[in-house]
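In the numbering used here, the protein residues as written are 1478 to 1775.
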């Protein structure tokens, strides 16, 4: 039996009522509705359209981030935020299950919301009001105005901000991608340590932690980040854990085109967290020095 429903109309998902038209999640028992960011809500609708089916990371990127160049970390972050909103548990998921090396699967079965009022029948839109006829004098005045505007446009050139320095790098908040999602303090500490370490390098321009923190959990285009933070590159990363090993992944992304300039992974024992942060930050700094030096010399 096909369990798929239309995700254009409101539907229920266990403890929640999902309203696609308004982008709202409302507790079934009543309470204040939640408004998710557009990407997270679209991701939920994408999974709800195929309940029980594994949807790959590439499919989610194509459907939810259409026309936007982002990394798979955007999917991980959106899923993490969605789980927090739904009150889901990664160890015993009731809503979204992770299928290792494949993607995500909606565990809960969406059902139509029978309490929703039926959609109104489509009616023919009213005819537009007749366009008033312009006098010859009015047409001549309009043409003259267009000529003036065209002449002004030919002389005007928009002001453009100077291109950011090659060693201007914004260290974006690192993501906690551990199964238990209990390493966010370490991930934030890693971000702060990298900002501190890179800012001490001569010629580097690194936005403060307080500036980049406001973008945490937000889905913002690379070009917008580069413009607002005044940087040419973004340093992104994540933290994972396997038993007693912490894995810190980092990559340098060029804002202009979204290409990865450099990337690396660091596996360290999970014992001395501060030591791991300092050691990884130092190694990342040395590697970025070489990577950006090669970029500048081209």
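Built from N, CA and C at the ideal position, the CB exists for glycine as well.
_Counting C-beta neighbours from all protein chains within 10 Å, is the total for residue 1713 16 or more, i.e. buried, or is it exposed?_
Here residue 1713 refers to the residue found at position 236 of the chain shown. Per the 10 Å Cβ criterion, buried.
*Residue range of the alpha helix (DSSP H) that residue 1664 falls in?*
For the purposes of this step, residue 1664 is taken as residue 187 along the chain shown, with counting starting at 1. Its alpha helix (DSSP H) spans residues 1661-1676.
*Assigned exposure category for residue 1733 - 16 Cβ within 10 Å defines buried*: Locating residue 1733 in the chain shown gives position 256, where the first residue counts as 1. Classification for residue 1733: exposed.
*asked:* Using 8 Å as the cut-off, can you tell me whether the segment 1668-1684 makes contact with the segment 1642-1652, which would need three or more C-beta pairs spanning the two stretches below that distance?
replied: yes
_With three or more C-beta pairs closer than 8 Å as the rule, is the segment 1501-1518 touching the segment 1568-1588?_
no
_Given this structure, state the Cα-to-Cα distance separating residue 1722 from residue 1746, to the nearest angstrom._
Position 245 of the chain shown, counting from 1, holds the residue named residue 1722. Position 269 of the chain shown, counting from 1, holds the residue named residue 1746. Distance between the alpha carbons of residue 1722 and residue 1746 is about 5 Å.
*What three-state label does DSSP hand residue 1552 in the structure shown?*
Mapped onto the chain shown, residue 1552 falls at position 75. Reduced to three states, the DSSP call for residue 1552 is helix.
*Three-way DSSP call (helix, strand, coil) for residue 1642 in this model*: Here residue 1642 is taken as the residue at index 165 of the chain shown, counted from 1. It is coil, neither helix nor strand.
_Suppose you measure from the CA of residue 1497 to the CA of residue 1689; what does that come to, to the nearest Å?_
The count along the chain shown starts at 1 and reaches residue 1497 at position 20. The count along the chain shown starts at 1 and reaches residue 1689 at position 212. Cα to Cα, the separation comes out at about 30 Å.
*Look at the alpha carbon of residue 1667 and the alpha carbon of residue 1491, and state the distance between them as a whole number of angstroms.*
Against the chain shown, residue 1667 aligns to sequence position 190. Against the chain shown, residue 1491 aligns to sequence position 14. Approximately 37 Å between the Cα atoms of the pair.
_Does residue 1499 come out as helix, strand or coil in the three-state DSSP assignment?_
The count along the chain shown starts at 1 and reaches residue 1499 at position 22. In this structure, residue 1499 counts as coil in the three-state DSSP scheme.
*Output the boundary residues of the beta strand (DSSP E) element that contains residue 1704.*
Taking the chain shown and counting its residues from 1, one reaches residue 1704 at position 227. Counting along the chain, residue 1704 falls outside any beta strand (DSSP E), though it belongs to the alpha helix (DSSP H) covering 1699-1706.
*Would you check if there are 3 or more beta carbon pairs closer than 8 Å linking the segment 1520-1536 to the segment 1671-1678?*
no
*Got a sec? Which residues, its chain only, sit under 7 Å from residue 1753 by beta carbon, not counting five neighbours each side?*
Here residue 1753 refers to the residue found at position 276 when the chain shown is read from its first residue. Cβ neighbours of residue 1753 beyond the five flanking positions: 1723, 1745.
*Which residues bound the beta strand (DSSP E) around residue 1719?*
Your numbering for residue 1719 matches position 242 in the chain shown. Where residue 1719 is concerned, the enclosing beta strand (DSSP E) stretches over 1710-1719.
*How many angstroms separate the CA atom of residue 1580 from the CA atom of residue 1705?*
Your numbering for residue 1580 matches position 103 in the chain shown. Your numbering for residue 1705 matches position 228 in the chain shown. About 32 Å.
*Applying the criterion that 16 or more other CB atoms from any shown protein chain within 10 Å of the CB defines a buried residue, is residue 1543 buried or exposed?*
Within the chain shown, numbered from 1, the residue matching residue 1543 stands at position 66. Exposed, since its Cβ has fewer than 16 Cβ neighbours within 10 Å.
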